[in-house]
């Protein structure tokens, strides 16, 4: 029965959403571990590229100073064409935009407005 049901759902447009699991590092010394599970969808203005969005978690890998937090949560929107991506990371009041390649060795510089350009590496899990 399952062998028949899934193809029928796909024909009717009710196929399960595809996801993208990402890991990464953020910060001048890569001091924040990035983890995100994004779902595929449509994002206006992204030129028909594969678009993903969802929650992102940042965990501080170093010793936190007074008043600093060890974890942060936010959202990540990402469009990709092969391994190349364009992303918008929003954590609290901070909003950063970056473009690069989804590889562990690829470093992009996220433009975070007043906070400057901060190194960001993202790759598929």
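Residue numbers (our numbering): 17 to 141. All C-beta atoms, glycine included, are put in the ideal place defined by N, C-alpha and C. A quick note: this is a predicted structure, and the numbers were derived from the prediction, not measured.
Item: Looking only at its chain, what residues have a beta carbon closer than 8 Å to the beta carbon of residue 44, apart from the 5 residues adjacent to it on each side?; Value: 134, 135
Item: Bridge partners of residue 90, per DSSP?; Value: 72, 107
Item: Given residue 68, which residues of its chain have a CB within under 6 Å of its CB, disregarding the five upstream and five downstream residues?; Value: 36, 54, 56, 94
Item: How far does the beta strand (DSSP E) with residue 52 in it reach, from first residue to last?; Value: 48-57
Item: State buried or exposed for residue 85, treating a residue as buried only when at least 16 other CB atoms are found within 10 Å of its CB.; Value: exposed
Item: Quick check on the DSSP output: the beta strand (DSSP E) that includes residue 140 runs from which residue to which?; Value: 133-140
Item: Which same chain residues end up closer than 6 Å to residue 116 when comparing Cβ atoms and leaving out the 5 residues on each side of it in sequence?; Value: 122, 124
Item: How many angstroms separate the CA atom of residue 73 from the CA atom of residue 88?; Value: 6 Å
Item: Going straight from the alpha carbon of residue 140 to that of residue 103, what length do you get?; Value: 14 Å
Item: Would you mind giving the Cβ-Cβ distance between residue 38 and residue 138, rounded to the nearest angstrom? I have them listed as a contact below 8 Å.; Value: 5 Å
Item: May I have the straight-line CA-CA distance separating residue 129 from residue 99, to the nearest angstrom?; Value: 25 Å
Item: Applying the 10 Å Cβ sphere with the 16-neighbour rule, what's the burial state of residue 34?; Value: exposed
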